[in-house]
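Enquirer:
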Amino acid sequence: MPEGHSVHRLARQFNDVFAGSVLAVSSPQGKFAAGARLIDGQALERAEAHGKQMFLTFSHELILRVHLGLYGAWDFGGDSTFTGASSIGAPRRIGEQEVAGDSGGWGHGGPPEPKGAVRVRLVSAHGWADLRGPTACEVLTPSEAAVVRRKLGPDPLNNLPGDGGEFGRRIRKSITSIALQLMKQEVLAGVGNVYRAEVLFRLGLDPMRPGKSLQVEEARALWEDIAKIMADGVRDGRIITTELGDRPSGLGAAVGRGLDAALLGSRPNKDVPVQDAHYVYKRVGQPCRHCGTVIAMAELGGRKLYWCPHCQSGKA
DNA sequence: GATTAATGCTAAA
DNA sequence: TTAGCCTTAATCT
1 MPEGHSVHRL ARQFNDVFAG SVLAVSSPQG KFAAGARLID GQALERAEAH GKQMFLTFSH
61 ELILRVHLGL YGAWDFGGDS TFTGASSIGA PRRIGEQEVA GDSGGWGHGG PPEPKGAVRV
121 RLVSAHGWAD LRGPTACEVL TPSEAAVVRR KLGPDPLNNL PGDGGEFGRR IRKSITSIAL
181 QLMKQEVLAG VGNVYRAEVL FRLGLDPMRP GKSLQVEEAR ALWEDIAKIM ADGVRDGRII
241 TTELGDRPSG LGAAVGRGLD AALLGSRPNK DVPVQDAHYV YKRVGQPCRH CGTVIAMAEL
301 GGRKLYWCPH CQSGKA
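Using UniProt numbering, the first residue of the first sequence is number 1, and each one after it goes up by one.
(1) Within 10 angstroms of its Cβ, does Val272 collect 16 or more other Cβ (buried), or is it exposed?
(2) Tell me whether Pro111 sits in a helix, a strand or coil according to DSSP, three-state version.
(3) Let me confirm a value: Arg202 is counted as buried when at least 16 other C-beta atoms fall within 10 Å, else exposed. Which label applies?
(4) Can the beta-carbon of Leu68 be found less than 8 Å from the beta-carbon of Thr141?
(5) Which residues does DSSP pair with Trp223 in a beta bridge?
(6) Would you tell me roughly how many angstroms separate the C-alpha atoms of Lys184 and Gly301, rounded to the nearest one?
(7) Using DSSP with H/G/I as helix, E/B as strand and the rest coil, what is Tyr195?
(8) Restricting to Cα atoms, I'd like to know which of Pro309, Lys282, Pro161, Leu131 is closest to Thr293.
(9) Just to confirm my understanding: we take Pro248, look at its own chain, exclude 5 residues before and 5 after, and list those with CB closer than 7 Å. What are they?
(10) Which class does Phe32 belong to by DSSP, given the choice of helix, strand or coil?
(11) Please name the residue in Ala11, Asp75, Val120 whose C-alpha comes closest to that of Ala47.
(12) Distance, Cα to Cα, Glu144 vs Phe58?
(13) Which complete beta strand (DSSP E) runs does the stretch 144 to 185 hold, if anything under 3 residues is left out?
(14) Identify, in the order they occur along the chain, each residue of the same chain with its Cβ nearer than 7 Å to the Cβ of Lys212, setting aside the five sequence neighbours on each side.
(15) Exposed or buried, what is Cys291 when buried is set at 16 or more other beta-carbons lying within 10 Å of its beta-carbon?
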């Protein structure tokens with residue numbers, strides 16, 4: 001269940017390793033055979049991310065739209081030219097979690113036998129990419145792609161001028177709870193269940209507040225914090241929302257003992273233990289990192305919502 | 001080894 | 001509203 005940061009890393013990876021290259025496109029699984037024929041043999045012009053969706057534009061202007069959904073993922077492999085072109089560390093896999101390291105599988109100048117249900121395989125002169133388990137995978141014309149993108153709200157990782165204000169107008173339009181609205185891709189594109197829970201905690205907002213009740217200033221702060229922690233996610237390749245001083249182990253503890261946080265340099269979130277990465281997400285029953293109150297959980301709109309009943313009550 | 005839940009969305013009913 | 005995608009890590013026996 002990758003959120004927007006993973007999709008932006010994917011787009012970067014495709015631009016790094018495939019842009020300008022002619023791609024052989026196939027569907028080993030067979031389910032995308034017709035679509036694959038439409039783009040087979042074309043050069044990839046560019047990759048773009050909008051929220052949780054990725055758009056690959058080919059030289060004849062057709063566009064491959066991919067949404068990873070619940071457990072979709074891309075696997076990569078290739079020669080040294082291919083891995084060397086990656087600016088994000090030549091990952092072996094990008095999906096719900098990112099896997100680093102060598103994929104093997106370019107031994108005889110080509111990709112390995114597809115394992116499992118590979119919906120799409122892309123092969124260039126130097127490497128390959130396999131897509132499994134996507135929710136959406138289709139070839140669109142430019143105008144069809146524009147229709148899809150018009151339905152999406154602003155993406156905090158693109159953060160174009162005016163996007164913050166547009167987000168504020170959209171979320172303040174409805175009495176629907178801000179917890180539900182943050183998951184709506186037409187309000188803002190890219191936030192999922194982890195960032196939703198974490199940003200509401202970071203700003204001390206009650207998840208059940210109606211969007212309409214947000215002050216303009218509160219909506220702006222919400223947008224800015226989402227943009228910040230998601231940009232961290234793009235940099236780190238994982239979701240880490242805790243501040244250094246709120247981490248009980250590892251370097252957070254060292255800082256607590258007096259180590260200068262500045263020593264951490266450009267990688268402030270390097271090697272954060274998983275149990276220290278979040279404030280509330282999947283921490284039901286555990287003590288709040290700020291006040292010790294037991295973290296609560298409830299099902300809302302079919303998804304689990306986590307929050308601190310004290311820090312996010314409006315009384316804290 | 002078997003079962004379950006999961007950082008979503010789509011399409012059928 | 002519900003099934004489906006068909007993977008993976010964590011949890012259970």
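Quick reminder that beta carbons are idealized off the backbone N, C-alpha and C, glycines included.
Small disclaimer: the values here were computed from a predicted structure and weren't measured.
Expert: Per the coordinate set shown:
(1) buried
(2) coil
(3) buried
(4) The answer is no: Cβ separation not under 8 Å.
(5) Answer is none; Trp223 lacks a bridge partner.
(6) 11 Å
(7) Here Tyr195 sits in helix by DSSP.
(8) Pro309
(9) Asp276
(10) coil
(11) Ala11
(12) 15 Å
(13) none
(14) Arg172, Ser174, Ile175
(15) exposed
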